[in-house]
Amino acid sequence: MSAAASRQQPPWHAPSGVMSRLTVYNSLTRTKNHFVPLDPRGKEVTWYCCGPTVYDAGHLGHARNYISTDILRRLMRDYFGYDVLFVMNITDVDDKIIVRARQEHFLAEFRQKHSCITDPAVLNTALSAFHAYTGRNLPLLEKGTQPDSYEKESKRAYSSVLEGGTITGQGTPGENEAKLKMHIKTLSSASRAIVMAKKDTSSISDDEFYGLTGDILQQYLDSLYGSSIDPEEYGIFAKLTQHWERHFNEDLRSLNCLPPDIVTRVSEYIPENVAFVERIVNNGFAYKTPDGSVYFDIKAFEAAGNNYARLEPWNRNDKELLADGEGSLAKKSGVEKRSDADFALWKSSKPGEPSWPSPWGRGRPGWHIECSAMSSKVLGRQMDIHSGGIDLAFPHHDNEIAQSEAYWTESTPNCTSKSSQNHQWVNYFLHMGHLSISGSKMSKSLKNFTTIRTALEKQWTARGLRIVFLMGGWKERIEVTDDVVSAARAWEATVNVSFTSHLRTGKRNTDSFNKKFFTNVGALIAEQEGTLESGALIPQPFREEEHQLWEQLREAKAKLDDALCDSFNTPAAMGTLSDLISKANIYISTSQKTHLGLAAIKGVARWVTRIVGIFGLVASSAGPDGGDRIGWGSGSSVGGLGQDGAGSLTPRDITHRYLQPFSTFRDKMRKLAAFHKDSPIALEILKICDTTREDLRAVDVYFEDQFPSHRSYVRFVPKDGAKVFPDSQTTALRFVRPFSVFRDKMRQLAIKNSKSDAITKEILLECDSVRDNDLTNLGIYLDDRDAGQPALIKFVPREQLVADREERLTKAAEVARKKEEARLERERLEREKVEKGRLSHLEMFRTSEYKEWDEEGIPIRDAGGEEITKSRGKKLRKDWERQKRLHEEWLKRESDGG
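Position 312 (the sequence shown) corresponds to 333 in the numbering used here; numbering is contiguous.
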């Protein structure tokens, strides 16, 4: 094959069948191709996804891969309506697993035998491990460097790397420099622990010592005893893989990723792997080496007219990638391969490595063969979609393709050779883009990663991460910057999640809450339902404004469809949702003062709910139809209130939570009216209190007013004798709505009479207090509207409302502090001014600095007898006139009595 040809992708054969409008970016063509399923009916789709190698915690790079894959899977299933069979593998037999399992096994054994660091064997072994690790990983360090001089010597030997340069002093730092930094850091921790233990074992705990030296100890112990492991003692390796597989599945659930339909574990498919390799050997595309390994014969494969490296032919001679694909336990020399590029299908196991029987001797599957054998067993000779991270494209996925085509090859009629040119194992290869933070790709081997759990605990939410990946696109590289994070949070806040940054002043920023679409729509719907319950009819206008919003919804649906059909263009789709929500919010804000047509708003909200559900932004997908649900759905409880049935409340709970604050507020209004009994509105306040008391009987709430204390006892006695009520927004509204109505009446009364009655200020303060304190603590937000409209009741996560209140109070305190500081500074300056005015302008210059003065006390000659110059005289007169004014002010103040 020519050099030019090796850099070009071979032809791709478009499948025949039912074509849809969907196009997908296909790594096999590096362009967008129309999606055509293998299923003749165009309904079923087969999909194989490369899963994790389970030996450590998943990091944000893995989250990027699996969330993006989940988004595409949901779109195929819930938006495009395909019946997707999704298969994912678990690699639980691998070089990394073997090494890690042995290391942890030997370290645990060592700790069990030497639990206390006062045991001399601990420090001696740690010192040996230190020297072994140093010699293996830091060759520039002077041989025999001791732990107590390590810091100084490592900085001297690797100063260029530690200062951000390269080991050679040329070019830009890369993975080699990152590895060196990791080794330097590992030894730094270990040397610190060893030095402390040598000086005084009581200065460091056993756990801390092993924590700091664990990395070097386990590698050293494995180098001593690794070969002693029985090759059939699978439990040592299963202990590690089973733990991390459970960990991975828990992470997937935390990220709201759908579980696979079928999971394939390598350890459960060993016979299938052996049979797969055997058939490739029989087809003439693999060979056995003297050590009992089996390698794929690239030359023979291509000689038969097949193509190797369909995905990235330009990388086929990259020795670093090829070596990485063979694994850390691969023999570095002495392997009788026919070509350096040939890769292992079956690895003969060395001592200390797990092994299984095969026609070529005991061994284990190569990394690449696992996916081919398992996917072929489950899905057959061909599949629609294969996906994985972009870093797997070469050599892993290219090797998968080659060996699978070699397996499924058939003799071409009238030809003695075997060719797989007409067999396309995968029709669409989808590769998820990289995630990098501060320019660095995350890597377990470099220990520069943030685990998924740490990210979700400290920085991210599952929804926030998914929004970043939706806005960034599934195949593009995403660099997490402050701008990217801000854009994602802004989108989330627009749809209604984040309330953490809506305040920028000390005032209550109601406008920012109005932009939270789901909260706003939910509150409006609840308000109208309350109106219906009262027996009133709701206006149903269909003016130009409503017609325009329906048309904007229709246009948004078309735009979003175009975007998703264009290779799942989620960034454009997210923009479409955001634009529509902005238009809906404008409609709400401009129509509330007239007549709001809620039908159009519900239409927008239901559709947005359906799409964000399909995107996986809610705990469970809304499904293809979406239903009538609006908002984030279950799993997004707000204000401490979940969905109906999410918990239960007794009548006593309800009284304590909702009715007691109501009763206390009403009591305060009654006391105000009694105290200001001569006020024109006092009688009106009492009438409203009495009317409210009678109205509440309709919801089984009873106030018993006490005189003359003006206190009330409140009881909730359900007529039907119910003992339990759902802890839900529906339950809350039953009691919060009359509370809000009563407060509205008090506010409107106070506002109406604000210029004529002193009592009104106290009423308004109490109204604000019950809103900002009592209801905030319940996770209820009252949006006070203009034009005499009632407050809109919104349910918001309590912690967010409390954070909002605390931020507002902090800002207010800061404003007050600065105001007080300014007042004190003004007073200080005024005191200085007064004190300065005590001195008479006639006496101010009569000092030793001058010898002669005129009749007003202005100097004529200085102390040396020299005449004062004209320019200096002008300045002295200005100072004299200024002091004259100050002194005269002081004299006046004194004459007025201070």
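Glycine included, every Cβ here is placed at the ideal spot set by N, Cα and C.
Here the structure is a predicted model, which is why all the values come from computation and not from measurement.
Where the alpha helix (DSSP H) through residue i begins and ends
i	result
L803	Unbroken run through L803 is the beta strand (DSSP E), I801 to D804; no alpha helix (DSSP H).
G346	K340 to E347
L148	P141 to N158
S610	T591 to S612
I706	A703 to D716
L617	Counting along the chain, L617 falls outside any alpha helix (DSSP H), and DSSP gives it neither H nor E.
Extent of the continuous beta strand (DSSP E) run through residue i
i	result
K872	Y871 to W874
W367	A365 to S369
P880	P880 to D883
F317	V315 to F317
M453	V447 to M453
T751	Unbroken run through T751 is the alpha helix (DSSP H), Q750 to K773; no beta strand (DSSP E).
H862	Taken as a continuous stretch (DSSP letters only), H862 belongs to no beta strand (DSSP E), as it is neither H nor E.
Y290	Taken as a continuous stretch (DSSP letters only), Y290 belongs to no beta strand (DSSP E), as it is neither H nor E.
E184	Premise fails: E184 is in no beta strand (DSSP E) and is neither H nor E.
Counterpart residues of residue i in DSSP-defined beta bridges
i	result
C70	M109 and S408
W377	G384
L813	D804
E253	Looking at the DSSP assignment, E253 forms no beta bridge with any residue, so it has no partner.
R736	Y723
T52	N47
L670	F746
D587	T44
Closest Cα partner of residue i within the set the options
i	options	result
V302	I291, P292, V315 and N294	V315
L93	A330, V57, V45 and Q133	V45
Y679	L581, L570 and R792	R792
W33	E870, Q445, H83 and K117	Q445
K368	S379, D361 and S360	S379
D721	H731, I675 and A703	I675
R267	D228, D251, E253 and R286	R286
S962	W512, T74 and E293	This structure cannot speak to residue 962, because the chain is shown only from 22 to 919.
S507	E497, E323 and G493	G493
H126	Y246, A321, A557 and G401	Y246
L273	L897, G79, R157 and A218	G79
V143	A211, K744, G596 and E888	A211
S376	L907, I119, G72 and Q750	I119
M203	E902, Y154 and T193	Y154
I111	N336, E289, I257 and C278	E289
P416	Y734, P311 and A365	A365
A544	Q573, A626, A593 and P560	A626
L183	H731, T193, D883 and L201	L201
I632	I622, I546, H677 and I651	I651
Within-7 angstroms CB hit, residue i to chain C
i	result
Q263	Note that chain C does not occur in the displayed structure, where there is just one protein chain.
Per-residue burial, residue i [other beta carbons within 10 Å of its own, 16 or more giving buried]
i	result
F728	exposed
T52	exposed
A414	buried
D115	buried
E567	buried
Q769	exposed
F696	exposed
N145	exposed
C70	buried
P141	exposed
K134	exposed
R893	exposed
I607	exposed
C392	buried
Residue i beta carbon near the ligand GTP (any heavy atom closer than 6 angstroms)
i	result
I675	In terms of ligand content, the structure shown is empty, and the ligand GTP therefore cannot be addressed.
Integer-rounded CB distance, given that residue j should sit under 8 angstroms from residue i
i	j	result
D405	N448	6 angstroms
I411	L81	In fact, because the Cβ distance is near 15 angstroms, the residues do not count as touching under 8 angstroms.
G409	H452	7 angstroms
L276	A84	6 angstroms
H862	G878	7 angstroms
Q124	Q263	That pair is no contact at about 17 angstroms.
I602	T515	6 angstroms
A427	F322	6 angstroms
A812	S761	5 angstroms
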